[in-house]
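Chains as they are written, first to last, in my numbering: chain A, 5 to 385; chain B, 5 to 385; chain C, 5 to 385; chain D, 5 to 385. Worksheet: one structure, shown below.
Protein chains: 4
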Amino acid sequence: MAGNSIGERFVVTSFGESHGRCVGVVIDGCPAGLPLSEEDVQPLLDLRRPGQSLVASQRREEDRVEILSGVFNGFTTGAPIAMVVWNKDVDSRSYKRLLETPRPGHADYFARVKYGGFNDWRGGGRFSGRITTGFVMAGAVAIKLLRVTLGTEVLAYVKRIDGVEARELPVDAIRAKRYSNDLRCPDEEAAERMRQVVLEARGSGDSVGSLVECLVLNVPPGLGEPVFSSLDSDLARALLSIPAVKGIEFGAGFGVVNSRGSLNNDPLGLVDGRVVPVTNNAGGIVGGLSTGREIVVRVAFKPPASIALPQRTLNVRTMSEEEVVVTGRHDPVIGPRAVPVVESVVAMVLADHAVRAGVIPPVLRTGKDLVLPDSGEATRA
Amino acid sequence: MAGNSIGERFVVTSFGESHGRCVGVVIDGCPAGLPLSEEDVQPLLDLRRPGQSLVASQRREEDRVEILSGVFNGFTTGAPIAMVVWNKDVDSRSYKRLLETPRPGHADYFARVKYGGFNDWRGGGRFSGRITTGFVMAGAVAIKLLRVTLGTEVLAYVKRIDGVEARELPVDAIRAKRYSNDLRCPDEEAAERMRQVVLEARGSGDSVGSLVECLVLNVPPGLGEPVFSSLDSDLARALLSIPAVKGIEFGAGFGVVNSRGSLNNDPLGLVDGRVVPVTNNAGGIVGGLSTGREIVVRVAFKPPASIALPQRTLNVRTMSEEEVVVTGRHDPVIGPRAVPVVESVVAMVLADHAVRAGVIPPVLRTGKDLVLPDSGEATRA
Amino acid sequence: MAGNSIGERFVVTSFGESHGRCVGVVIDGCPAGLPLSEEDVQPLLDLRRPGQSLVASQRREEDRVEILSGVFNGFTTGAPIAMVVWNKDVDSRSYKRLLETPRPGHADYFARVKYGGFNDWRGGGRFSGRITTGFVMAGAVAIKLLRVTLGTEVLAYVKRIDGVEARELPVDAIRAKRYSNDLRCPDEEAAERMRQVVLEARGSGDSVGSLVECLVLNVPPGLGEPVFSSLDSDLARALLSIPAVKGIEFGAGFGVVNSRGSLNNDPLGLVDGRVVPVTNNAGGIVGGLSTGREIVVRVAFKPPASIALPQRTLNVRTMSEEEVVVTGRHDPVIGPRAVPVVESVVAMVLADHAVRAGVIPPVLRTGKDLVLPDSGEATRA
Amino acid sequence: MAGNSIGERFVVTSFGESHGRCVGVVIDGCPAGLPLSEEDVQPLLDLRRPGQSLVASQRREEDRVEILSGVFNGFTTGAPIAMVVWNKDVDSRSYKRLLETPRPGHADYFARVKYGGFNDWRGGGRFSGRITTGFVMAGAVAIKLLRVTLGTEVLAYVKRIDGVEARELPVDAIRAKRYSNDLRCPDEEAAERMRQVVLEARGSGDSVGSLVECLVLNVPPGLGEPVFSSLDSDLARALLSIPAVKGIEFGAGFGVVNSRGSLNNDPLGLVDGRVVPVTNNAGGIVGGLSTGREIVVRVAFKPPASIALPQRTLNVRTMSEEEVVVTGRHDPVIGPRAVPVVESVVAMVLADHAVRAGVIPPVLRTGKDLVLPDSGEATRA
């Protein structure tokens, strides 16, 4: 496979550019029989959409998903599911002059080196956060597939922005409140302080970093294909495909460096009649396999590279130092808009592993949400 | 990868259904810097289109390709190239009753078994020859890539229909005349007799089988990745993905069964200063590697399964025998319309192997058709 | 994947050279819980081994399989299964002079071009038929897996050598007699005439072509992953990875070219209570999916390229024409020794597709041959 | 691919178990023409070997690599390179009773769930750190390939153990001293304090966590295949395949959460005549592409799960709580022994990407270490 596909059995292929005609995705290997329509995908896209508040970019995108294939009579068919969002609110004028003065922190120049100058540089092209629109379309399908078949639930939220960290909250509170404010932080008091930090940074022409935590509940034990397709390996790979991610950790994460085996080991025990680790320093994954406990993964997002402050860079034509000012509409922080993206990417990987392990079958025949189509009754055994 | 992708470095992913919204394709891994527009793709699509003569189906499809991504300023960018043809002339009414009485020779019933009745059965869905529209879109890109970079040329034509076989013709005649008649046979006299056979079969409500031969000229030696991605292995895999293919042979093909080593071995010699086999019983491939001689591969197409004659089948609801009459517009022979499809599929495989072998680089910088885009001059080394 | 692996879920990786230390194979993805030992693999290897009669090469190889990993307490563990056969009876002296005068019909020269002269040319290296020893090791595991879980049976035999063709025989006769003579032909009278043809060719320093037919019984319907991993696509790819194969056909095969739809279409009907095609011109595969009928595939083997007769070739150092005489021990016909290889390769593909389809689960827990290991009782649910 | 392979063009397949016959690896896709022998692999294996000091496990393993295929006349041939280390010093007695009382922090129980009790549990089987012996064998080849062709150098070292962190040191000091003590820490003063921490933990029957930093020098710009095979994505995937890794970060890593765009952005500039970022908060990777600056990645290792202290766990037969004491020979800290493993895994990924990008060709013909073999002169162009 070239680089724009991920997964072995639930395979997602990304296409489209920031300022091209569309952003799209093809899912190959989604089991047949999943009830699906645009209404299942649009809400998650809406949560990702910019232009929602002062915290995020002011670009206005309608972002209506269209399913082009793979769905018939309201169900997935087992054939590839192609989906697109057409790009509408595009203004590429400000980008052309950046060819000579590549923006610090962006991939502009390195992409030009790699693709010999042929890459679509408008709006960052394939390196724009807009590409994650495709991740969310695929993720919405994966999320529904996991929920309907296994009851698995993926919950991400903003854990920290700069110095402000959300308190530990029970899962119910996280589920209920993470999308209740535009910081995507279920701790409303912390959210309010985060807002101040973001607005302050934005006001000074700057941007801030952020940390997103993702929990996955009701993960069957034994998912993961060691040694190189371990569950944490594949999650990390997918999460690092989101632009601006610089670090990934599971469970106790980097805290393990300062820990001891006697503290960090999770003993097995009986919880609700199931044999699981009674503590969860492992973050739900041991030896590359899911343990049956919730997966806990944290993702570090750098401050957006596009800032209003003037920055030093090299003019790569004249080879002299120059100042660049990035205009246009940009996010002062990534985490809040990345929350549905993280959920999507995590769900894609879990759906793939659940299909690989046979935990989700290639044809769905049962489940409370599942109704068989009329036309199928004659021949289905 | 799930089943709808092929290739390792020039990766083609197919999507869409016969009577769905569109048929489409994504190419991931096409080198950057190839001049490309819809005008490069449309002509080959036009050659595949039905409704062109009495020989082929009367379905009218406009089949205008749209490139959705991966092309910028007239060149490929190195990003995925998504292309679609929107379905327009669709009439699915006749298919629903076939759910109970699956058509002999079609995949209807086996698809229903595999996908639990959820598959899109309209017009055969994913099992329709219409899916090859996507193959042709991808193939047109591969054909241009091979021609511009290596001078490789792919020439297919109808070799035989029922008892009528085209004479051996020089390559120049094949190149010049294979698309000059709607039989896609460069031997015009044979073409005329083939036409009579086809019209006679059509007149009696029947269909006929056909044989397509494909030559590939100017293939660099050493393409192929033994043992399991041998060049002939990958060509055979791709060709058998075309609906209705039942056999593949290279060079002397099945004739080798009745041959002797002393006759069949191709001795090496000097031809135009190159060390190549002086005969070509091998069909251009030995040990899974291209030899530098033209590739010769033949593909057997069964008679189209859809015929006007009444046929016996099983009613899978009542489990009693029944007669089925397939209405609708269908081709009486596959070979002529398959000629551009065979060329496309062969080119896809060769493009993939040329990229894998490094014979085609990831960025095209030279060559007579290649002009660098304005915007790239500043930074390209 | 590079070229030496095949399969998506039951993945076979080949390694080793004809005159290197060993020939080996790794199977990744074999379900856990299959009873397995060297005794399951050795018999098929023995059937492939040369030196068994005048018909085949006189090279003496002990060819004892050693399982290096992936089996514990008599069962597969789900971990990669590595197996090797150590090379012993190796005499490479005759090959060095062939570097200057490449043998007609062999890959010697093209391999040197591809690998820059670094390839191991001794005994043909990776291009030797000896590499199929690895295919047989993997195939023996696949054959057992298919038999134990699905009752699927793979039966190949020599159908034709030069002008002599075996009569149509019932499956029981094929099963009982195909390995009863060293021609691997269940029609004993034809076998005797084949022997004369082979001995006559051998006597004159020549070699002959051959045709192997393979039947697969008890194939569940719906195997195959259209469009590019169709069952026939993947079978053809794998079969063309066997050295010296020049053609593949399914069911009526190339005969379809001269057929009509009304004759070639297989109507559905009830056979033993199952809905299957009542005729089998399709050879058990329609639309890339298994139909539930036996798979019928035929494989054309060219006459072995190594013959005793002097042959013309090019001296690639002096660039002048020269005569080459191939000494050493070689087979006068490939089909008989290829019978277990064809069975192996076909089984590998079917095992992969059965695992992909979920028809064979990742852990085997049931079946008459299956006994659970002692140590597992405590924790297995 | 199933889970035990990694890479697209330089593909590494792992096999073997901790207490089985061997641990091994197959590399498929290594370019032809690399000078290679066991002497290139053994030194890195020796650096990984246990039994070297009080800091590490007392298990004595000779760990002599044997190259089984893919090397001829002292050069790689382009064919798969199989390598094994035979297991010798194996004592499995202590593991059987752990079936009932799975060790806290180990994968024992989850592996049993996944593989239905069929997995080889001796010494942890596939989940043992011993499997990384195979990573090192493959890594030694990748390291040499990168060095010879690109001058790329991979340098890992222990950055932190518990509260002790190594000072920032110049690259020359890291290169010279990282293997000079058994802590694998180039800051000798910190190394001494780390030793005290480790010995203290060991003395109390406990274990400690550790942090390994890896630098990669002379990385060509533009490596990485966005969006899903980004260079950081693939590095993270590979690194998380090493047992006990719980976090990965690049460059400023998790520090970005508390940073600002104006501080974190790396401006472009001219360094030694090359256009590169003048600071390196990105850790050498932006937008998934290498920037031409050194790659900086840090890996968090948990404290080894095997500790001498008695631990609470569940007896999964009686389903009652029980105490387990893990006997046997175990490492009190992972980082020091993981240093060559991290280098190996990073090199595998970079070699793969360099081959994918065409930066390393499929056949090596030049370079100071490269001498052409005698036998190749006649035919190489």
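Positions of the beta carbon are idealized from the N, C-alpha and C atoms, including for glycine.
Alpha helix (DSSP H) runs wholly inside the segment 144 to 191 of chain C, at least 4 long, in chain order: The qualifying runs are 175 to 181.
Please state whether DSSP places A:N284 in a helix, a strand or coil. Within the first sequence, the letter at position 280 stands for residue 284 of chain A. The three-state reading of DSSP puts A:N284 in coil, since its state is none of H, G, I, E or B.
Taking the alpha helix (DSSP H) that D:A355 falls in, what are its first and last residues? For the purposes of this step, residue 355 of chain D is taken as residue 351 along the fourth sequence, with counting starting at 1. Unbroken alpha helix (DSSP H) run through D:A355: 339 to 360.
In this structure, how does DSSP classify D:T136 when only helix, strand and coil are distinguished? Taking the first residue of the fourth sequence as position 1, residue 136 of chain D is located at position 132. Here D:T136 carries a helix assignment [DSSP, helix/strand/coil].
Simplified DSSP assignment, three categories, for B:K250: Stepping through the second sequence from its first residue, residue 250 of chain B is reached at position 246. B:K250: strand per DSSP, three-state reduction.
Threshold first: 4 residues or longer. Then list the alpha helix (DSSP H) segments lying entirely within the segment 211 to 272 of chain D, N to C. Entirely contained in the segment 211 to 272 of chain D, the alpha helix (DSSP H) runs reaching 4 residues are, in chain order, 235 to 243, 265 to 268.
Confirm, please, whether the CB-CB distance from B:A361 to B:G226 is below 8 angstroms. Counted from its first residue, the second sequence places residue 226 of chain B at position 222. Counted from its first residue, the second sequence places residue 361 of chain B at position 357. B:A361 sits close to B:G226, with the two beta carbons spaced by under 8 angstroms.
So A:L159 and A:I178 are supposed to be a Cβ contact under 8 angstroms. How far apart are they, rounded? Walking along the first sequence from the start, residue 159 of chain A turns up at place 155. Walking along the first sequence from the start, residue 178 of chain A turns up at place 174. That belief holds up - the Cβ atoms of A:L159 and A:I178 are roughly 5 angstroms apart, short of 8 angstroms.
Bridge partner(s) assigned by DSSP for B:N319: For this step, residue 319 of chain B is matched to residue 315 along the second sequence. DSSP output for B:N319 lists B:S324 as bridge partner(s).
Residues of chain A with CB under 8 angstroms from B:R97, in chain order? Locating residue 97 of chain B in the second sequence gives position 93, counting from the first residue. Going along chain A, no residue has its Cβ under 8 angstroms from B:R97, so there is no contact; the nearest lies around 13 angstroms.
Could you work out which residues of chain B lie near D:P366, taking near to mean beta carbons separated by less than 7 angstroms? Translated into the one-based positions of the fourth sequence, residue 366 of chain D becomes position 362. What D:P366 touches in chain B: A361, G362.
C-alpha distance - C:S214 paired with B:I289, whole-angstrom precision: As a first step, residue 214 of chain C must be located in the third sequence, where it is residue number 210. As a first step, residue 289 of chain B must be located in the second sequence, where it is residue number 285. Whole-angstrom Cα-Cα distance: 19 angstroms.
For D:A382 and chain A, any beta-carbon pair shorter than 8 angstroms? As a working mapping, residue 382 of chain D is identified with position 378 in the fourth sequence. In this prediction, D:A382 scores a pLDDT of 31, lower than 50, which makes its location untrustworthy; the coordinate-derived value is nonetheless stated afterwards. No, its Cβ sits nowhere closer than 8 angstroms to a Cβ of chain A.
Does the Cβ of B:G207 have 16 or more other Cβ atoms within 10 Å, making it buried, or fewer, making it exposed? Position 203 of the second sequence, counted from the start, is the residue given in the question as residue 207 of chain B. By the neighbour-count rule (16 or more Cβ atoms within 10 Å), B:G207 is not buried but exposed.
Taking 8 angstroms as the threshold (beta carbon to beta carbon), is D:P281 in contact with chain C? Indexing the fourth sequence from 1 puts residue 281 of chain D at position 277. Any Cβ of chain C closer than 8 angstroms to the Cβ of D:P281 would place that residue at the interface, and such an atom is absent.
For C:I299 versus C:V353, is the C-beta spacing smaller than 8 angstroms? Translated into positions along the third sequence, residue 299 of chain C becomes position 295. Translated into positions along the third sequence, residue 353 of chain C becomes position 349. Their beta carbons are not under 8 angstroms apart, which means C:I299 does not touch C:V353 by this criterion.
Rounded distance between the beta-carbons of C:F114 and B:L398, thought under 8 angstroms: Past the boundaries of the shown model lies residue 398 of chain B; chain B is included only from 5 to 385, so the question cannot be answered.
Any Cβ of chain D within less than 8 angstroms of the Cβ of C:T331? Position 327 of the third sequence, counting from 1, holds the residue named residue 331 of chain C. Not closer than 8 angstroms to any Cβ of chain D, the Cβ of C:T331 fails to qualify, so no.
Over the uninterrupted beta strand (DSSP E) stretch that includes B:F305, give me the two end residues. Residue 305 of chain B sits at position 301 when you count from the first residue of the second sequence. Its beta strand (DSSP E) spans residues 299 to 305.
Taking C-beta to C-beta, are B:A355 and B:F14 nearer than 8 angstroms? Position 351 of the second sequence holds residue 355 of chain B. Position 10 of the second sequence holds residue 14 of chain B. Yes. Within cutoff.
Please tell me whether A:F79 has its Cβ less than 8 angstroms away from any Cβ of chain B. Within the first sequence, the letter at position 75 stands for residue 79 of chain A. Closer than 8 angstroms to some Cβ of chain B, the Cβ of A:F79 qualifies, so yes.
Identify the contact partners of D:N262 in chain A, using a Cβ-Cβ distance below 7 angstroms as the criterion. Locating residue 262 of chain D in the fourth sequence gives position 258, where the first residue counts as 1. Within 7 angstroms Cβ-Cβ: D166, G167, G213.
Nearest chain B C-beta to A:R25 closer than 8 angstroms, yes or no? Position 21 of the first sequence holds residue 25 of chain A. Closer than 8 angstroms to some Cβ of chain B, the Cβ of A:R25 qualifies, so yes.
State yes or no: is the C-beta of D:P336 within less than 8 angstroms of the C-beta of D:S211? For the purposes of this step, residue 336 of chain D is taken as the residue at position 332 of the fourth sequence. For the purposes of this step, residue 211 of chain D is taken as the residue at position 207 of the fourth sequence. Between D:P336 and D:S211, the C-beta gap is smaller than 8 angstroms, which places the two residues in contact.
For A:T295 versus A:A286, is the C-beta spacing smaller than 8 angstroms? Your numbering for residue 295 of chain A matches position 291 in the first sequence. Your numbering for residue 286 of chain A matches position 282 in the first sequence. Annotated as proximal: A:T295 and A:A286, with beta-carbon spacing under 8 angstroms.
What's the call for C:R321, buried or exposed, on a 16-neighbour Cβ count within 10 Å? Reading the third sequence from its first residue, position 317 is the one you call residue 321 of chain C. Around the beta carbon of C:R321, fewer than 16 other beta carbons sit within 10 angstroms, so the residue counts as exposed.
Can you tell which of B:A83, B:A256, B:S22, B:L274 has the C-alpha that lies nearest to the C-alpha of C:T317? As a working mapping, residue 317 of chain C is identified with position 313 in the third sequence. Residue B:L274 is the option with its Cα nearest to C:T317.
What's the C-alpha gap between B:R369 and C:A36? Here residue 369 of chain B refers to the residue found at position 365 when the second sequence is read from its first residue. Here residue 36 of chain C refers to the residue found at position 32 when the third sequence is read from its first residue. When only Cα atoms are considered, B:R369 and C:A36 end up about 51 angstroms apart.
Taking only three categories from DSSP, how would you classify D:A86? On the fourth sequence, residue 86 of chain D is found 82 positions in, with the first residue counted as 1. If DSSP states are grouped into helix, strand and coil, D:A86 belongs with the strands.
Would you call the segment 81 to 88 of chain C and the segment 26 to 35 of chain C in contact, with 3 or more CB pairs under 8 angstroms? Contact holds: three or more Cβ-Cβ distances are below 8 angstroms.
Have a look at the DSSP bridge pairing and note the partners of D:L274. Residue mapping note: residue 274 of chain D aligns to position 270 of the fourth sequence, counting from 1. DSSP output for D:L274 lists D:V279 as bridge partner(s).
Against chain A, does B:E21 count as a neighbour if the rule is that its beta carbon must be under 8 angstroms from one of theirs? In the second sequence, counting from the first residue as 1, residue 21 of chain B sits at position 17. Taking Cβ atoms only, chain A reaches closer than 8 angstroms to B:E21, which makes this a yes.
Residue range of the beta strand (DSSP E) that includes B:E70: As a working mapping, residue 70 of chain B is identified with position 66 in the second sequence. Note, B:E70: beta strand (DSSP E), 69 to 71.
Identify whether D:L203 lies in helix, strand or coil by the three-state DSSP scheme. Position 199 of the fourth sequence, counted from the first residue, corresponds to residue 203 of chain D. Looking at D:L203 - three-state DSSP - the assignment turns out to be helix.
Determine, for B:T137, whether the minimum Cβ-Cβ distance to residues of chain C falls below 8 angstroms. Taking the first residue of the second sequence as position 1, residue 137 of chain B is located at position 133. Judged by the 8 angstroms Cβ criterion, B:T137 is not in contact with chain C.
Ignoring anything shorter than 3 residues, give me the beta strand (DSSP E) runs that lie fully in the segment 20 to 58 of chain A, in order along the chain. Counting whole runs of 3 or more residues, the segment 20 to 58 of chain A contains the beta strand (DSSP E) stretches 26 to 32.
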